[in-house]
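Engineer: Please read through the structure below; I'll follow up with questions.
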Amino acid sequence: MPKLFSNKRLIVILVSFILAAASIVFSIRIINYSQTPPYLLKLTNDVIDVTSYVVNEPGRFLKNGFNFQTELLSTYQENQRLKKKVDQLEQNQTKIAILTRENKELKKELQLNATLSDYSQITAAVLSRSPANWQDVLIINRGSVNGIKKNMPVMSGSGVIGRIMEVNHLNSKVELISSNSKIANHFAAQITTKKGEVINGVITGYSEAENALIFGNVSTDTEIHVGDAVVTSGLGGVVPKGLLIGKVNKIEKKDYGLSTMIYVKSATNINDFSVVTVIDRTVGN
Amino acid sequence: MKKRNNFKIYFFALFLIYLLILVDGSISFIAHFFSAVVAGKIFWLGSLSVLTVLSFEINVNFLGIAVVSGIIADIFYSGIIGIYTVSFAITAIFLKWIVQYLPHNFIYIVSSYFLSVTIFSTIYYGINNYLGLTRIVPFQYLATYLPATLLFNLIYFIILYVPMLKIIENFKRKLALKDEK
Chain Y
473 MPKLFSNKRL IVILVSFILA AASIVFSIRI INYSQTPPYL LKLTNDVIDV
523 TSYVVNEPGR FLKNGFNFQT ELLSTYQENQ RLKKKVDQLE QNQTKIAILT
573 RENKELKKEL QLNATLSDYS QITAAVLSRS PANWQDVLII NRGSVNGIKK
623 NMPVMSGSGV IGRIMEVNHL NSKVELISSN SKIANHFAAQ ITTKKGEVIN
673 GVITGYSEAE NALIFGNVST DTEIHVGDAV VTSGLGGVVP KGLLIGKVNK
723 IEKKDYGLST MIYVKSATNI NDFSVVTVID RTVGN
Chain V
16 MKKRNNFKIY FFALFLIYLL ILVDGSISFI AHFFSAVVAG KIFWLGSLSV
66 LTVLSFEINV NFLGIAVVSG IIADIFYSGI IGIYTVSFAI TAIFLKWIVQ
116 YLPHNFIYIV SSYFLSVTIF STIYYGINNY LGLTRIVPFQ YLATYLPATL
166 LFNLIYFIIL YVPMLKIIEN FKRKLALKDE K
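These protein sequence lines are chains Y and V, in that order.
So for the first sequence, the numbering used here puts the first residue at 473; every next one is plus one.
So for the second sequence, the numbering used here puts the first residue at 16; every next one is plus one.
If you want it as C-alpha cells, here you go:
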C-alpha cells in the first residue's frame, strides 16, 4: 500500500486548493444570503477604508479638477440649453407641489402611511473602483452607521446606476446596473408608453456594442416606442417605484420575431461619477 | 538576525503591495473619466509590478505576502475571498521559479511582468468565468480584455519602475547598514 502522506508538497497544494475553494464558496454564500458580512470582514474593510482615504484623495482631487475644466469649457452651450428648460421647469415644479399636497391628503384619507414610491436619500462619495473592471464594483464612503442597507438602489444624477451589494460600518460596495455578472441581482423595471400603458420587465444586462442596458422578460404585444421612459417598478425588494433608469433607445426583434430586445439608454453616465445618492424606501422599513 | 530581517522585508513588501492595491482602485476610478470603453477592459495590476520587482531584487519567498495581500484585495474590492488570493499566490510561485533562470536587468524584469500579468489575469478571469461572475466569453477576453490589460499595465509598470526600484534599493541599503552595525 503506497504511503498516503509521503509527498508533503502535494498535500500542501491539495489542502491549499481545498481551502481556497471553501473560502470562495463561503464568500459567495455570504454575498447572496447574508444581510451583512461577518464582523471580521467588516472590520478589515473599515481599516482599509480609513487608509484608502490617503491614497484616493489625490486621485479624487485630480478627477474633480479635470471635471471642473471640462464643465467650464461647455458652460456657454449648457447655459443656452438650460435657459430654454427653466420656464418649463418652474411650471413643472408648481404642478409637482400641487400633486404632492394632493397625494398626501389622499393618502391621509386612505390611511396610507407610505407607498412604494416614497423614499429618503443618503448622499455618498465614490472612494474607489474595482481594478478588475468586469466586476463593476464601486466603493462608497457610507456604511451601516449612515443607515445603508443591502440591496438599496443607488442613483447618480437623474438615473439609477446600481445597488448596494455589501454593507460595512464605514463603507459599502455598489454593484453597477451594467454589471455582467450572472449572479447579480436584476432591477425590476417598467416602461410607460406615451399612451400611458405599463409594461413590466427586468433589466437583464448591459450591451457593450449598443452602450445601453437591456430590458428583458417582456411578455406583451403593446407597442413600445423609442423615447419611452423606463423606471423601477418597485416590485421584489427594497427598490422604490418610479426611479428613472433611462429611455428606450432601440427595439430589436429576435428569434424570427418571437422575442423583443429593448435597449435602454441610461439617464445618467453609468461610468463617470464622483458623488452618488443611495435611496432608502420608506415602505417596509 | 536573519529572521528579524526577513520580518522587516515581509512587512515592507506587504506595505508596498497594499499601497499599490489601493492605487490600482484609484486609477481604475479615474481612468473611467477619460474613456469608459477602454477603461472597462483593463485590469490594473500595479500590485503585481511590486511583487515582480521585489522577487528580482530580494531573494525571499513572497508566497505568504501574496496570500495576505490577495485576501486584502478580495475583501476590499469584491467581497469574494479567494479569487485574487489564488491568482496572486500562483503568480508569486511562478515569479519565484522564473527568477532563478533570468538575469536581473530591466528587459527580463519587464518580460517577467508581462508573463505575470498574463498568468494572473487569465487565472482571475478563469475563476470568475467558472463561478458565473462574468458573462465575458473566453474569445472576448483573449481578443480585447487581455491585450488592453497587457498594454496599459506595461505603460503603468514603466512609469512605476524607477521610483519603485529606488525605494527598494534604499530599503536594502538601510537593512545592510543596520546589519553592519
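Backbone N, C-alpha and C define an ideal beta-carbon position, used for all residues, glycine too.
1. Could you list which residues in chain V have their beta carbon closer than 7 angstroms to that of residue 481 of chain Y, in chain order?
2. Check the Cβ of residue 147 of chain V against every Cβ in chain Y and list those closer than 7 angstroms, keeping chain order.
3. Measure the alpha-carbon distance for residue 603 of chain Y versus residue 647 of chain Y and round it to whole angstroms.
4. For the beta strand (DSSP E) containing residue 555 of chain Y, list its first residue and its last residue.
5. Take residue 99 of chain V and list the residues in its own chain whose beta-carbon comes closer than 6 angstroms to its own, dropping the five residues that flank it on each side.
6. Does the beta-carbon distance from residue 634 of chain Y to residue 45 of chain V come in below 7 angstroms?
7. So, under 8 angstroms CB-CB, residue 686 of chain Y and residue 675 of chain Y are touching, yes? Tell me the CB distance rounded to an integer number of Å.
8. Smallest Cα separation from residue 71 of chain V: which of V/188, V/164, V/119?
9. According to DSSP, residue 663 of chain Y sits in a beta bridge with which residue or residues?
10. Return the chain-ordered ranges of every beta strand (DSSP E) run that is complete within the region 594 to 619 of chain Y and spans a minimum of 3 residues.
11. Per DSSP, what kind of secondary structure is residue 714 of chain Y in: helix, strand or coil?
12. According to DSSP, what are the bridge partners of residue 637 of chain Y?
13. Closer than 8 angstroms by C-beta to residue 694 of chain Y: which residues in its own chain qualify, once you throw out the five before and the five after it? Chain order, please.
14. Between the alpha carbons of residue 179 of chain V and residue 188 of chain V, how many angstroms are there, rounded?
15. In chain V, which residues lie with their C-beta within 8 angstroms of the C-beta of residue 677 of chain Y?
16. Using the Cβ count rule (16 or more neighbours within 10 Å means buried), how would you classify residue 191 of chain V?
17. Counting along the chain, where does the alpha helix (DSSP H) carrying residue 106 of chain V start and finish?
18. Measure from the C-beta of residue 744 of chain Y to each C-beta in chain C and report whether the shortest distance is under 7 angstroms.
19. Residue 648 of chain Y bridges to which residues according to DSSP?
20. Would you identify the three-state DSSP class for residue 60 of chain V, choosing helix, strand or coil?
21. Would you kindly report the start and end of the unbroken alpha helix (DSSP H) that includes residue 629 of chain Y?
22. Let's test the definition: count the other Cβ atoms within 10 Å of the Cβ of residue 527 of chain Y and tell me whether it reaches 16, buried, or not, exposed.
23. Around the C-beta of residue 490 of chain Y, are 16 or more other C-beta atoms found within 10 angstroms, so that it is buried, or is it exposed?
24. For residue 752 of chain Y, name the three-state secondary structure that DSSP assigns.
25. Using a Cβ cut-off of 9 angstroms, pull out every chain Y residue sitting near residue 92 of chain V, in sequence order please.
26. Chain Y beta carbons: is any one of them nearer than 7 angstroms to that of residue 112 of chain V?
Structural biologist: The structure says:
1. To locate residue 481 of chain Y, count along the first sequence from 1; it is residue 9. What residue 481 of chain Y touches in chain V: nothing, since even the nearest Cβ is about 11 angstroms away.
2. Here residue 147 of chain V is taken as the residue at index 132 of the second sequence, counted from 1. One finds 654, 655 in chain Y with Cβ atoms closer than 7 angstroms to the Cβ of residue 147 of chain V, taken in chain order.
3. On the first sequence, residue 603 of chain Y is found 131 positions in, with the first residue counted as 1. On the first sequence, residue 647 of chain Y is found 175 positions in, with the first residue counted as 1. Spanning the alpha carbons of residue 603 of chain Y and residue 647 of chain Y requires a straight line of approximately 14 angstroms.
4. In the first sequence, residue 555 of chain Y corresponds to position 83, counting from 1. Residue 555 of chain Y: not part of any beta strand (DSSP E); member of the alpha helix (DSSP H) spanning 547 to 581, first to last residue.
5. Numbered from 1 along the second sequence, position 84 holds the residue referred to as residue 99 of chain V. Around residue 99 of chain V: 85, 88, 89.
6. As a first step, residue 634 of chain Y is located in the first sequence; it is residue number 162 there, counting from the start. As a first step, residue 45 of chain V is located in the second sequence; it is residue number 30 there, counting from the start. No, Cβ-Cβ distance for residue 634 of chain Y and residue 45 of chain V is not below 7 angstroms.
7. Along the first sequence, one-based indexing puts residue 686 of chain Y at 214. Along the first sequence, one-based indexing puts residue 675 of chain Y at 203. Right, their Cβ atoms sit about 7 angstroms apart.
8. Position 56 of the second sequence, counting from 1, holds the residue named residue 71 of chain V. The candidate whose alpha carbon is nearest that of residue 71 of chain V is V/119.
9. The residue labelled residue 663 of chain Y in the question sits at position 191 within the first sequence. DSSP, once it has assigned bridges, lists Y/671, Y/702 as partnering residue 663 of chain Y.
10. The DSSP assignment places complete beta strand (DSSP E) segments of no fewer than 3 residues inside the region 594 to 619 of chain Y at 609 to 612, in order along the chain.
11. As a working note, residue 714 of chain Y is residue 242 in the first sequence. Correct three-state label for residue 714 of chain Y: coil.
12. For this step, residue 637 of chain Y is matched to residue 165 along the first sequence. Bridge partners of residue 637 of chain Y: none, in fact.
13. As a position in the first sequence, residue 694 of chain Y is number 222, starting the count at 1. The residues 665, 669, 671, in chain order, have a CB closer than 8 angstroms to that of residue 694 of chain Y in the same chain once the five nearest residues on each side in sequence are set aside.
14. The sequence position of residue 179 of chain V within the second sequence is 164, counting from 1. The sequence position of residue 188 of chain V within the second sequence is 173, counting from 1. Each residue's Cα considered, the two are about 14 angstroms apart.
15. Counting from 1 along the first sequence, the entry for residue 677 of chain Y is found at position 205. Result: 150.
16. Residue 191 of chain V sits at position 176 when you count from the first residue of the second sequence. Exposed, by the Cβ-count rule.
17. Here residue 106 of chain V refers to the residue found at position 91 of the second sequence. Note, residue 106 of chain V: alpha helix (DSSP H), 98 to 114.
18. Of the protein chains in the structure, Y and V, none is chain C.
19. Taking the first residue of the first sequence as position 1, residue 648 of chain Y is located at position 176. DSSP links residue 648 of chain Y through a beta bridge to Y/634.
20. Position 45 of the second sequence, counting from 1, holds the residue named residue 60 of chain V. Three-state result, residue 60 of chain V: coil.
21. To locate residue 629 of chain Y, count along the first sequence from 1; it is residue 157. Bounds of any alpha helix (DSSP H) do not take in residue 629 of chain Y, whose DSSP letter is neither H nor E.
22. What you label residue 527 of chain Y is simply residue 55 of the first sequence in a count that begins at 1. Flag for residue 527 of chain Y reads buried.
23. The residue given as residue 490 of chain Y occupies position 18 in the first sequence. Classified as exposed, residue 490 of chain Y has fewer than 16 neighbouring CB atoms from the shown chains inside 10 Å of its CB.
24. The count along the first sequence starts at 1 and reaches residue 752 of chain Y at position 280. Three-state DSSP puts residue 752 of chain Y in a strand.
25. Working through the second sequence from its first residue, we reach residue 92 of chain V at position 77. Within 9 angstroms Cβ-Cβ: 600, 601, 602, 603, 604, 607, 609, 611, 645.
26. The residue you call residue 112 of chain V lines up with position 97 of the second sequence. Under the Cβ criterion of 7 angstroms, residue 112 of chain V is not counted among the residues facing chain Y.
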